[in-house]
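Here my numbering is used: position 321 in the sequence shown is 305, and no number is missing along the way.
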Amino acid sequence: MRRLLPLALLAILLVLPLLLQANPYLLNALIITGILTIGAMSLNLLLGFTGQLSLGHIAFFGIGAYVSALTSLGFDIEIGFGHRIVHEPWPPAVGFLLAILAAGACGYLIGRLSFRVRGAYFVIVTISFAEVVRLVALNWVELTQGPLALTNIPPVTLGLPGLGHWTLRTKVQNYYLVLAVGTVCYLLVARLVGSRFGRAMRGLKENEPLALSVGINATRTLTVAAVISAAMAGAAGSLYAHYLRIIDPDVFLFSTTVSMVIMVVAGGKGTLMGPVVGGLIFGLLPVGLRPVMAPEAQWIVYGIVLIVILFVMPRGIVPGLAGLLAWRRSAPAPLLKPSPAVQR
-15 MRRLLPLALL AILLVLPLLL QANPYLLNAL IITGILTIGA MSLNLLLGFT GQLSLGHIAF
45 FGIGAYVSAL TSLGFDIEIG FGHRIVHEPW PPAVGFLLAI LAAGACGYLI GRLSFRVRGA
105 YFVIVTISFA EVVRLVALNW VELTQGPLAL TNIPPVTLGL PGLGHWTLRT KVQNYYLVLA
165 VGTVCYLLVA RLVGSRFGRA MRGLKENEPL ALSVGINATR TLTVAAVISA AMAGAAGSLY
225 AHYLRIIDPD VFLFSTTVSM VIMVVAGGKG TLMGPVVGGL IFGLLPVGLR PVMAPEAQWI
285 VYGIVLIVIL FVMPRGIVPG LAGLLAWRRS APAPLLKPSP AVQR
């Protein structure tokens, strides 16, 4: 059953564009929601499986977006003493890979700096890092164009030698690209969580002194988790930049991190399907509310839905539904009422 549900959801998502080709607005909403869901899955790896809350997770998302965009656009900057760095445009696929590597390297740096103390220190370091990166993107105008934004970012181009190249310009093509990357990220997290390394992560979350007593290296385990989580967020940022084809420092907004945290917590942190379910609900909910109510009312309803979900299912939607199904299966069958003849 646990494997059947993800496969059923994947099948629905595969055929969904065929039903929405006449509605590009909803298709666009699904693409953005899918990108944010990948970010939520990356955050869940830290928050759900290691218990470490990263409130600056959007920094890795934004780094991936800017690295991939600058790699594809090229740049010419002065580094002082009359020296310049001139970078010619590279294919977007290379930018996607570099975005993953750059975000993962930043995740390693943050992990090494903060996981020796953990707790609130990690939260503070991640928030501070996100703000520093946002200020760099805002003020290094020669490289990032600052508030003027990087524009004309090329779309993703895929190809194999001898088979030609395909430029993903349409919404349907980008939808399937996001779905493919999201599926790979889901399988990666599932494989990781089910491995010995995943058991070490959960051990540190549940009982750190006991985990340390059996030889688990806490700093190394959490740092590797931070690297993988940041790399996945960087991949999501790269998809975001090449889909919208324009990015500015607003990509580092704190509200995006809050949205990812809501997706993880409401869906069920520490579960594989939690960020996916939470991402679909809270990514598409504003789209459904937008035509029928004012923006202020939308946020009120958004908050009410979140409160109701967490009140009814404190552990999230996926664990709550799983617990309900388990309870119904284990409930004893009602006793049969004896017939009147037996009673006489």
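For every residue, glycine included, the Cβ atom is placed at its ideal position computed from N, Cα and C.
Reference residue i, options the options, closest by Cα
i, options, result
"L228", "G35, A49, T207 and Y160", "A49"
"N12", "V101, I63, L171 and Y224", "Y224"
"G263", "V(-1), I16 and L2", "I16"
"H0", "V173, K155 and S314", "Correcting the residue type first, residue 0 is Leu in the shown sequence and not His. It is K155 whose Cα lies nearest to the Cα of L0."
"N136", "N191, G252 and P76", "P76"
"V78", "T141, G66, V292 and I61", "T141"
"F238", "L57, Y92, F65 and V107", "V107"
"E192", "G88, G103 and G166", "G103"
"Y105", "Q36, A164 and L132", "Q36"
Own chain residues within Cβ distance below 8 Å of residue i, not counting five before or after
i, result
"F33", "V177, G182, M185, R186, K189, A209 and G254"
"P270", "Q282 and Y286"
"L273", "A281, Q282, V285 and Y286"
"V101", "none"
"L290", "I246, A250 and F266"
"L57", "P73, L134, N136, I137 and P138"
Cβ neighbours of residue i in the same chain (closer than 7 Å, five flanking residues each side left out)
i, result
"V109", "I94, L97 and S98"
"V117", "A43, G46, I47 and F236"
"L119", "none"
"R(-13)", "none"
"I293", "A250 and I301"
Strand pairing of residue i, partner residues [DSSP]
i, result
"F59", "H71"
"T21", "Bridge partners of T21: none, in fact."
"G267", "Looking at the DSSP assignment, G267 forms no beta bridge with any residue, so it has no partner."
"L4", "In DSSP, L4 forms no bridge with anything."
"I230", "T135"
"G64", "H67"
Residues near residue i in its chain [Cβ-Cβ closer than 6 Å; skip 5 each side]
i, result
"G40", "T110, I111, F113 and A114"
"L82", "V51 and T55"
"I(-4)", "none"
"L134", "A53 and I231"
"N158", "I15, L152 and Y227"
"S222", "G48, S52, F80 and A83"
"R169", "Looking at the sequence itself, residue 169 is Cys, so the reference to Arg does not match. For C169, where only same-chain residues beyond five positions count, the Cβ hits under 6 Å are I22, M25 and M216."
"A306", "none"
Residue i burial status per 10 Å Cβ neighbour count (16 or more: buried)
i, result
"P298", "exposed"
"H71", "exposed"
"Q5", "exposed"
"M25", "buried"
"I301", "buried"
"I69", "exposed"
"A219", "buried"
"P259", "buried"
"T203", "exposed"
"N28", "buried"
"G166", "buried"
"A195", "buried"
Residue i Cβ short of 7 Å to the ligand FAD heavy atom set
i, result
"L176", "The ligand FAD is absent from the structure shown, which contains no ligand whatsoever."
Interface flag, residue i vs chain D, CB-CB below 8 Å
i, result
"G300", "The chain inventory of the structure shown lacks chain D, comprising one protein chain alone."
Assess, as a yes-or-no matter, whether the stretch 118 to 133 is touched by the stretch 201 to 217 under the definition of 3 or more beta carbon pairs within less than 8 Å. no
Touching or not, the stretch 14 to 29 and the stretch 240 to 253, by the rule of three or more beta carbon pairs under 8 Å? yes
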